[in-house]
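In what follows, a structure is listed as structure tokens, so that the remarks can point back to it.
Protein chains in written order, with the numbering used here: chain A, 48 to 371; chain B, 203 to 498.
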């Protein structure tokens with residue numbers, strides 16, 4: 048959109064002032080710009096072809112082979128094509144696979160909505176002109192700054208892990224967080240929810256865009272706080288909720304570091320998130336054909352989730368410009 | 203009597219309204235500050251644990267104030283493990299994050315200019331493809347990339363970490379494209395009429411104006427690279443090549459770790475570069491997000 052507007056206004060300006068130079072420029076653009084354009088985007092284009100497209104195609108091919116990085120040599124092509132065996136094994140024989148699918152779905156379906164609810168609630172709380180609010184914003188955002196690090200993952204493991212750990216001391220309970228299959232996942236979910244900072248900042252920016260007149264008018268009409276939230280805030284925020292939902296879901300499916308360090312899949316594979324299992328298959332047991340098949344399933348699931356959110360978005364995403 | 207009582211009640215209402223506002227502010231600040239404290243409590247706890255004596259960490263678990271300050275945790279932790287001190291790990295992390303950021307941001311700015319200001323056939327297609335590629339899970343490219351780099355003999359070198367970054371990153375390219383679109387085209391056109399080439403326009407006109415966007419991209423790039431765990435975990439398998447994140451994980455291995463004071467000290471230290479950068483460049487961060495991040 049924006050690029051067309053820019054070029055249109057540019058040529059319009061040219062028409063008004065110097066039609067001849069426009070003609071000259073048009074021609075020179077026509078002659079040189081393909082070369083110049085591709086030259087400028089060539090770093091990305093080569094990177095994309097070499098490190099994204101080629102790998103995607105190769106991983107599709109690999110997923111139909113028994114390729115093992117220790118036994119086979121890629122240039123000798125000495126592996127065997129085994130058809131759909133990897134997929135068959137995955138769906139029918141590999142009980143760990145289904146455990147990891149279950150764990151991942153459980154993780155995503157708790158962590159993503161909870162994170163967004165907290166993000167929105169806190170953003171509304173901080174959407175005020177009161178003094179010192181920037182300090183609170185910093186405090187609420189701090190966990191997200193450090194959250195992806197190994198340091199925090201190690202800390203999280205220790206505050207839940209020890210029998211006399213911090214969380215047990217605070218809650219006054221005596222739970223074996225990593226030993227009890229019922230609770231282990233909550234160590235990961237809580238870590239994810241704690242880091243609601245970036246969707247919060249995005250919500251906050253969205254809330255600032257809502258004209259205060261809407262709330263004033265609603266208040267005059269006697270709408271209470273909940274009605275104002277339901278009828279003004281929520282509909283106007285839907286594009287941002289949509290954006291956050293897509294991004295957080297995609298992120299959720301790819302969570303690796305925290306699962307790797309905090310639980311490592313314990314206990315009984317209850318927290319064996321999908322990327323963790325792919326990693327184990329590919330880089331611990333080196334069954335890269337099988338792992339490629341698994342990662343293709345992940346790609347399809349992520350594409351499917353994104354597609355659903357996009358396809359249904361027109362029913363629930365409200366864009367202000369639609370009305371004009 | 204009637205009039206008086208009405209007046210009195212109005213006065214009461216007004217008074218209580220003023221009080222109400224004060225009370226509301228008070229309740230707000232107490233509530234928000236308490237939750238805020240809860241949010242940073244784990245970080246404060248880790249900071250305090252890094253200063254505690256080992257026995258004190260778990261016996262005095264819910265106290266934020268160490269019985270005695272033990273700064274030697276930091277010295278002990280710095281010694282590292284397996285002949286390697288944290289000096290090595292920091293050196294490796296700075297190589298990865300420093301060059302990684304330099305490559306990624308430079309390439310992203312160049313590519314962004316191509317997408318934002320040059321007309322060429324297939325531009326829309328490539329741009330859409332680039333945006334779509336942001337959604338790709340890392341798992342899908344990781345395994346064949348590993349095979350490729352393994353065949354090249356690049357495992358246990360920094361090449362697999364740095365070479366892919368020469369292509370820029372879709373997220374930063376998109377961000378800088380949005381920023382360039384906000385720069386008026388008049389200057390470009392004036393320069394073009396004066397005979398400046400596209401390359402000249404990029405270096406002389408666009409690049410100087412890109413500073414806020416480039417700095418924002420550099421902050422994020424550095425921060426994500428510094429925190430990156432999976433790529434160094436896969437490619438750097440010798441302790442002398444470990445980055446801080448990988449080293450920290452090995453250092454805190456639950457089956458062998460005992461010196462938790464030292465582990466938390468190194469954990470705190472590993473967060474420091476990110477904190478310093480964010481505090482120093484906060485202004486750019488806010489500006490960058492405001493001008494480019496959300497208005498697309």
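The beta-carbon is built from N, C-alpha and C at its ideal position, and this holds for glycine as well.
Verify the CB distance criterion: does residue i have a CB-CB separation below 8 Å to chain B?
i	result
residue 95 (chain A)	yes
residue 325 (chain A)	yes
residue 347 (chain A)	no
residue 145 (chain A)	no
residue 304 (chain A)	yes
residue 80 (chain A)	yes
residue 301 (chain A)	yes
residue 90 (chain A)	yes
residue 297 (chain A)	yes
residue 116 (chain A)	yes
residue 102 (chain A)	yes
residue 109 (chain A)	yes
Using a Cβ-Cβ distance cut-off of 8 Å, determine whether residue i contacts chain E.
i	result
residue 230 (chain B)	Protein chains A and B are contained in the structure displayed, whereas chain E is not.
Short check: CB of residue i to CB of residue j, under 8 Å?
i	j	result
residue 102 (chain A)	residue 306 (chain B)	no
residue 116 (chain A)	residue 352 (chain B)	yes
residue 154 (chain A)	residue 202 (chain A)	no
residue 330 (chain B)	residue 378 (chain B)	no
residue 297 (chain A)	residue 349 (chain A)	yes
residue 302 (chain B)	residue 363 (chain B)	yes
residue 222 (chain A)	residue 161 (chain A)	no
residue 298 (chain B)	residue 434 (chain B)	yes
residue 264 (chain B)	residue 217 (chain A)	yes
residue 278 (chain B)	residue 461 (chain B)	yes
residue 341 (chain B)	residue 345 (chain A)	yes
residue 146 (chain A)	residue 323 (chain A)	no
residue 214 (chain A)	residue 313 (chain B)	no
residue 156 (chain A)	residue 472 (chain B)	no
With a CB to CB cut of under 6 Å and the five nearest residues on each side skipped, what residues in its chain are close to residue i?
i	result
residue 128 (chain A)	111, 112
residue 166 (chain A)	243, 246, 247, 250
residue 144 (chain A)	137
residue 74 (chain A)	Bear in mind that the predicted position of residue 74 (chain A) carries a pLDDT of just 47, short of 50, making it unreliable; the figure below should be weighed with that in mind. Within the same chain, residue 74 (chain A) has no close Cβ partners at all.
Tell me, please, whether the CB atom of residue i is closer than 8 Å to any CB atom in chain A?
i	result
residue 273 (chain B)	no
residue 264 (chain B)	yes
residue 325 (chain B)	yes
residue 307 (chain B)	no
residue 414 (chain B)	no
residue 315 (chain B)	yes
residue 479 (chain B)	no
residue 269 (chain B)	no
residue 238 (chain B)	yes
residue 221 (chain B)	no
residue 451 (chain B)	yes
residue 472 (chain B)	yes
residue 500 (chain B)	Absent from the model: residue 500 (chain B). The displayed extent of chain B is 203 to 498, so no value can be given.
residue 328 (chain B)	yes
Run through chain A and tell me which residues come within less than 9 Å of residue i, C-beta to C-beta.
i	result
residue 235 (chain B)	179, 182, 183, 186
residue 447 (chain B)	196, 197, 198, 304
Note down, in chain order, every chain A residue with its Cβ under 7 Å from the Cβ of residue i.
i	result
residue 429 (chain B)	195, 196
residue 254 (chain B)	The contacting residues do not exist; residue 254 (chain B) stays about 12 Å from chain A at best.
residue 400 (chain B)	83
residue 244 (chain B)	202, 206
Can you name, in chain order, every residue of its own chain whose Cβ lies under 7 Å from the Cβ of residue i, other than the five neighbours on each side?
i	result
residue 106 (chain A)	339, 342, 343
residue 400 (chain B)	320
Grab me the residues of residue i's own chain with a C-beta within less than 8 Å of its C-beta, minus the 5 sequence neighbours each way, in chain order.
i	result
residue 248 (chain B)	466, 469, 470
residue 148 (chain A)	321
residue 53 (chain A)	Note on residue 53 (chain A): pLDDT 37, under 50, position unreliable in the model; no value is reported.
residue 78 (chain A)	Residue confidence for residue 78 (chain A) is low, a pLDDT of 44 falling below 50, so the modelled location carries little weight; the figure read from the coordinates is stated next. Within the same chain, residue 78 (chain A) has no close Cβ partners at all.
Which chain A residues sit within Cβ distance under 8 Å of residue i?
i	result
residue 476 (chain B)	192, 193, 196
residue 247 (chain B)	202, 206, 213
residue 227 (chain B)	177
Which residues in chain B sit within 9 Å of residue i, going by Cβ to Cβ distance?
i	result
residue 212 (chain A)	260, 263
residue 353 (chain A)	337
Which chain B residues are close to residue i, counting only those with a beta carbon under 7 Å from its beta carbon?
i	result
residue 85 (chain A)	322
residue 98 (chain A)	343, 347, 366, 369
residue 121 (chain A)	349, 353
residue 106 (chain A)	342, 345, 346
Is residue i a contact residue of the ligand GDP, with contact defined as CB to any heavy atom under 7 Å?
i	result
residue 288 (chain A)	Ligands displayed in this structure: none; no statement on the ligand GDP is therefore possible.
What residues in the region 360-384 of chain B have a beta carbon less than 7 Å from any beta carbon of chain A?
366, 368, 369, 370, 375, 383
Under 9 Å (Cβ pairs) to chain B, residues found in the region 231-243 of chain A:
241
At a CB distance below 7 Å, what residues from the region 306-338 of chain A approach chain B? Give them in sequence order.
308, 322, 325, 329, 330, 335, 338
Where the region 333-353 of chain B meets chain A: residues whose CB sits under 8 Å from a CB there
335, 337, 338, 339, 340, 341, 342, 343, 344, 345, 346, 347, 348, 349, 350, 352, 353
Check each residue of the region 281-296 of chain A: if its Cβ is closer than 8 Å to any Cβ of chain B, include it; give the result in chain order.
none
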